[in-house]
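There are 4 protein chains.
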Amino acid sequence: MKYYAFLLFSLIWLAAPIILRAQSKPVVLVAYYSPSGHTKIMAEAVAKGAESGEVEVVLKPITETTEDDLLRAGAIILGSPVYNANIAPAVQEFINSWPFEARPMKDKIGAAFATGGGISIGEELVMLNIIHSMLIHGMIIIGGEETEAAFGASAITGEGEFAGKPVQEVFLIKAEGLGRRVAEMVVKLDTSP
Amino acid sequence: MKYYAFLLFSLIWLAAPIILRAQSKPVVLVAYYSPSGHTKIMAEAVAKGAESGEVEVVLKPITETTEDDLLRAGAIILGSPVYNANIAPAVQEFINSWPFEARPMKDKIGAAFATGGGISIGEELVMLNIIHSMLIHGMIIIGGEETEAAFGASAITGEGEFAGKPVQEVFLIKAEGLGRRVAEMVVKLDTSP
Amino acid sequence: MKYYAFLLFSLIWLAAPIILRAQSKPVVLVAYYSPSGHTKIMAEAVAKGAESGEVEVVLKPITETTEDDLLRAGAIILGSPVYNANIAPAVQEFINSWPFEARPMKDKIGAAFATGGGISIGEELVMLNIIHSMLIHGMIIIGGEETEAAFGASAITGEGEFAGKPVQEVFLIKAEGLGRRVAEMVVKLDTSP
Amino acid sequence: MKYYAFLLFSLIWLAAPIILRAQSKPVVLVAYYSPSGHTKIMAEAVAKGAESGEVEVVLKPITETTEDDLLRAGAIILGSPVYNANIAPAVQEFINSWPFEARPMKDKIGAAFATGGGISIGEELVMLNIIHSMLIHGMIIIGGEETEAAFGASAITGEGEFAGKPVQEVFLIKAEGLGRRVAEMVVKLDTSP
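Protein sequence lines correspond, in order, to chains A, B, C and D.
Under numbering that gives the first Met the number 0, the first residue of the first sequence is numbered 0, with each subsequent residue one higher.
Under numbering that gives the first Met the number 0, the first residue of the second sequence is numbered 0, with each subsequent residue one higher.
Under numbering that gives the first Met the number 0, the first residue of the third sequence is numbered 0, with each subsequent residue one higher.
Under numbering that gives the first Met the number 0, the first residue of the fourth sequence is numbered 0, with each subsequent residue one higher.
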């Protein structure tokens with residue numbers, strides 16, 4: 000009897016670091032607002048890119064994202080559609096609801112993605128709107144892997160070559176790259192709380 | 000009898016242009032959102048500056064502004080506080096609710112004002128957020144009279160020399176100048192519908 | 000003898016308004032900077048769109064644009080390539096050289112166009128960089144005809160569907176629409192000096 | 000003889016880590032462009048804030064900054080005056096000259112500061128112009144310590160309470176805080192090459 004107790008204890012002891020390590024994996028939160036579904040498709044690509052053995056990825060619409068999700072996260076990647084060249088009001092309200100006293104969001108990694116219905120009518124601005132608010136929260140800002148995703152990942156869904164089609168591969172690649180870079184950076188910086 | 004009828008008819012005839020002109024005075028709509036009261040103070044200064052015999056000034060919080068107010072206006076001057084470096088969500092929702100089909104806002108004059116609690120933490124961005132959305136609506140954008148009010152009128156209420164005081168004169172002057180310039184331009188362009 | 004002199008005098012008298020009117024046609028200046036040639040192609044489309052019997056169109060690279068060209072113009076449409084998400088330094092220097100004392104650029108119409116090598120990496124920002132400087136000069140800002148050209152006309156030449164091809168039709172249409180709208184507006188506003 | 004040689008060898012051996020560590024201190028480069036002298040004053044405050052035993056601070060005007068300075072730096076804090084609401088052309092040219100092939104600037108920390116002659120006429124935009132270009136280079140962006148320095152540090156020198164005075168304390172505090180935060184972050188991230 001005693002022997003088994005000892006064995007169990009030993010196993011737990013040996014496994015503890017692995018268990019704790021698993022628990023303390025940095026969290027990458029991918030939050031999105033997507034009435035049309037396009038931003039959700041991008042969010043899924045961002046999450047896919049972030050997946051690796053070293054981070055925990057949480058993918059949620061902003062309406063289901065809790066304060067605990069925010070506080071647990073070492074990195075937050077936030078996506079919004081473009082409405083009249085600016086961030087969706089619901090997404091701005093979400094950011095405005097983040098805890099501010101004692102500045103718990105400070106030094107977390109922040110990144111952005113956006114979807115818009117036309118070329119050059121606000122995709123840059125929406126990614127930058129998000130980044131500006133994240134800077135007010137004291138976050139550390141990074142863009143995607145490629146120069147073409149410098150402000151984050153954007154997708155255009157309603158004009159020219161992009162009209163009437165699902166979100167194109169060229170944009171999904173940017174989204175995956177963004178997720179991947181943020182995941183690598185959150186491990187490197189260890190910004191988890 | 001006939002004589003009087005003729006006299007009355009003549010008077011109406013003579014007065015008609017004056018009456019019609021009075022009715023067709025261009026409308027300057029000053030709309031604002033102001034939970035703290037600072038943006039309202041700026042809005043009142045904008046409205047004061049716009050007052051002249053040649054325009055009708057309508058001053059309203061966004062919650063009371065109707066589609067009819069928007070359509071009647073030849074110029075819209077819109078004010079928002081700064082929240083996390085961006086436009087207040089309520090103001091963005093207001094803009095997003097403007098009629099878009101057939102683009103009835105096109106060729107109206109648009110201008111912006113903003114109030115913020117610190118220096119260089121979003122006053123420029125909020126005025127520009129508003130301007131960007133107005134450009135999507137096809138509006139004609141102007142700033143204030145002075146170079147220092149180039150993007151519209153801004154006020155800072157919570158930092159350095161400006162902390163703990165009412166909205167300072169230097170900002171109210173910009174607001175009045177903005178109203179005055181827009182009023183002059185709406186008469187010159189005759190953008191009333 | 001006397002009779003002919005009278006006839007000649009009469010003819011000149013009658014023709015004068017027509018001659019003067021022709022001379023006083025509002026000027027639309029299309030100025031551009033184009034090391035790669037793409038921005039020049041857009042400039043030509045803008046100029047083509049602006050052509051009408053009612054305005055004089057002047058199309059020039061910024062290096063050949065004189066102060067007299069600027070002062071004569073009722074509207075200025077300025078184009079720049081995107082370099083690292085911002086306006087080309089040469090274009091900014093050009094704007095910084097515009098006359099400022101007595102603010103002679105005030106109340107002229109201003110509009111912008113841009114070309115970039117990737118999607119959402121600065122086309123919006125370059126058009127807005129130009130617009131911001133024009134607002135400092137007190138200019139009246141308008142965008143293109145369509146919502147998709149709200150900030151002006153942009154072209155993307157180096158990514159995805161747009162890579163390795165000449166400037167695509169979808170962008171040239173925006174450029175022409177921008178020229179056309181500015182030309183119509185400069186006649187309506189009569190901002191010529 | 001042999002004994003002394005051994006002693007010397009031992010001392011070098013023991014001292015090596017300290018020497019190497021001193022040599023490998025992360026470098027914070029503070030680069031500025033300052034025709035009027037105001038931006039230089041801010042640069043000096045940024046450098047002062049960055050000073051600590053753990054980093055090497057290099058303070059230089061952009062004209063004296065070499066490619067080697069850029070490549071050695073783990074963090075770059077760049078300052079520009081506001082000209083017509085945008086970055087000084089010389090500063091933009093400086094950024095455009097940074098090495099781009101193989102993206103050696105990627106994952107360095109970037110931050111910005113700005114000085115302007117009026118309130119809300121481009122200080123935010125200049126800091127953001129710099130940040131946008133840094134994002135194109137793939138840099139990691141942070142702002143200052145306080146919310147009021149979220150985009151970096153700005154100073155206003157020519158309007159209202161700030162006219163005709165040297166750069167005010169409220170702005171120098173922001174500049175020092177920016178230097179301090181960047182210095183701490185460069186140690187934490189170890190972004191030195």
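C-beta: ideal position from N, C-alpha, C; glycine also.
In the three-state scheme derived from DSSP, where H, G and I count as helix and E and B as strand, residue 24 of chain B is classed as coil. The three-state reading of DSSP puts residue 32 of chain D in coil, since its state is none of H, G, I, E or B.
Of C:157, C:122, C:44, C:26, the smallest CA-CA separation from residue 132 of chain D is found for C:122. Within the region 143-154 of chain B, contact with chain C at the beta-carbon level (separation under 7 Å) is assigned to 146, 149, 150. For residue 38 of chain D, the enclosing alpha helix (DSSP H) stretches over residues 37-49. The C-beta distance from residue 108 of chain A to residue 52 of chain A rounds to 19 Å, too long to fall under 8 Å, and the pair is not in contact.
Judged by their CB atoms, residue 158 of chain B and residue 116 of chain B are nearer to each other than the 8 Å cut-off. For residue 98 of chain B, no pairing in a beta bridge is given by DSSP. The beta carbon of residue 86 of chain B sits closer than 7 Å to those of 79, 125, 128, 129, all from its chain and outside the five residues before and after it, given in chain order. Contact residues of the region 106-133 of chain A toward chain B are 120, 121, 124, 128, 131, 132 (C-beta to C-beta distance below 8 Å). With respect to chain A, the C-beta atom of residue 75 of chain B has no partner C-beta closer than 8 Å. By the Cβ rule, the region 87-105 of chain C does not count as touching the region 41-50 of chain D, because fewer than three pairs are nearer than 8 Å.
By the rule that beta-carbons nearer than 8 Å mark a contact, residue 86 of chain A touches chain B. Taking all protein chains shown into account, residue 144 of chain B has 16 or more neighbouring C-beta atoms within 10 Å of its C-beta and is therefore buried.
Each residue's CA atom was taken as its position, placing residue 112 of chain B and residue 187 of chain B some 22 Å apart.
If you keep only unbroken beta strand (DSSP E) runs of at least 3 residues inside the region 56-95 of chain D, you get 72-82. Contacts between residue 160 of chain C and chain A, judged by CB atoms closer than 7 Å, involve 160 in chain order. Listed along chain B, no residue sits closer than 7 Å to residue 177 of chain C by beta-carbon distance, the nearest being about 12 Å off.
With a threshold of 8 Å between beta carbons, residue 100 of chain A makes no contact with chain B. Taking residue 55 of chain A as the centre and dropping the five residues before and after it, the same chain places the C-beta of 24, 25, 26, 27 closer than 8 Å to its C-beta, in chain order. In the three-state reduction of the DSSP assignment, residue 108 of chain B falls in the strand class. When DSSP states are grouped into helix, strand and coil, residue 119 of chain C belongs to the coil group. Burial check for residue 189 of chain A: the Cβ neighbour count within 10 Å stays below 16, so the residue is exposed. Between residue 33 of chain B and residue 153 of chain D, the C-beta gap is not smaller than 8 Å, which leaves the two residues out of contact.
In this structure, the beta-carbon distance from residue 30 of chain D to residue 75 of chain D falls below 8 Å. Pairing residue 71 of chain C with residue 139 of chain C, the inter-Cα distance amounts to about 16 Å.
With a 10 Å radius around the Cβ and a threshold of 16 neighbouring Cβ atoms, residue 67 of chain D comes out exposed.
Distances from the CA of residue 170 of chain C to each of C:106, C:151, C:136 were compared; the closest alpha carbon is that of C:151. Residue range 168-188 is occupied by the alpha helix (DSSP H) that includes residue 172 of chain B. Beta bridge pairing from DSSP links residue 153 of chain C with C:113. With 16 or more other Cβ atoms from the protein chains shown falling within 10 Å of its own Cβ, residue 84 of chain A counts as buried.
Residue pairing of residue 139 of chain D in beta bridges, as defined by DSSP: D:108. Between residue 188 of chain B and chain C, the shortest Cβ-Cβ separation is below 8 Å.
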